[in-house]
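Numbering (mature numbering (1 follows the signal peptide of the UniProt record, and there is no 0)), first residue to last: -24 to -1, 1 to 125. For each residue, glycine too, the CB sits at the ideal point set by N, CA and C. Just below is one structure, and these are the notes that go with it.
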């Protein structure tokens, strides 16, 4: 390896230790904070992933856009002060780097959740209802028509 490569690897390692990981046993505490409106969940997956499913009450800020996209920067700037920010992705990698970015570059303390989207649902976080509004009403109306009411 070249000296430049070694320096780059050391720099990446040092950056990586600045962002914290939330441990599995902390998920219940984090869920409680979120439910008590003391914490914010930031989904850093891509929009296509978000549309397939996301945690109820989470905010989308795709990792690929977090540093450059003006709309994403507005979302980051609007994060409520005084609330803890937790980032999540599918496997935790993007969440880790996003938390690091928020902490180092944006001045917003953030913690990465190592648990991915599916693991968070298994831990008790609620999956957002992606059905169109009025979906249940449409089903009831159709059932009534089918039953002749």
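For residue i, three-class secondary structure by DSSP
{"i": "residue 32", "result": "coil"}
{"i": "residue 24", "result": "helix"}
{"i": "residue 7", "result": "helix"}
{"i": "residue 103", "result": "strand"}
{"i": "residue 54", "result": "coil"}
{"i": "residue 71", "result": "helix"}
Opposing strand residues paired with residue i [DSSP bridges]
{"i": "residue 80", "result": "In DSSP, residue 80 forms no bridge with anything."}
{"i": "residue 15", "result": "60"}
Spatial neighbours of residue i in its chain, beta-carbon cut-off 7 Å, leaving aside the 5 residues before and after
{"i": "residue 67", "result": "92"}
Exposed unless 16 or more other CB atoms sit within 10 angstroms - verdict on residue i
{"i": "residue 106", "result": "exposed"}
{"i": "residue 40", "result": "exposed"}
{"i": "residue 44", "result": "exposed"}
{"i": "residue 46", "result": "exposed"}
{"i": "residue 57", "result": "exposed"}
Cβ neighbours of residue i in the same chain (closer than 8 Å, five flanking residues each side left out)
{"i": "residue 84", "result": "52, 55, 61, 78"}
{"i": "residue 82", "result": "52"}
Any non-hydrogen atom of the ligand MG within 7 Å of residue i CB
{"i": "residue 26", "result": "Absence of the ligand MG is noted for the structure shown, with no ligands found whatsoever."}
Cβ neighbours of residue i in the same chain (closer than 6 Å, five flanking residues each side left out)
{"i": "residue 97", "result": "103"}
(Q) Using a Cβ distance threshold of 8 Å, determine whether the stretch 22 to 35 contacts the stretch 94 to 105, with at least three qualifying pairs required. (A) yes
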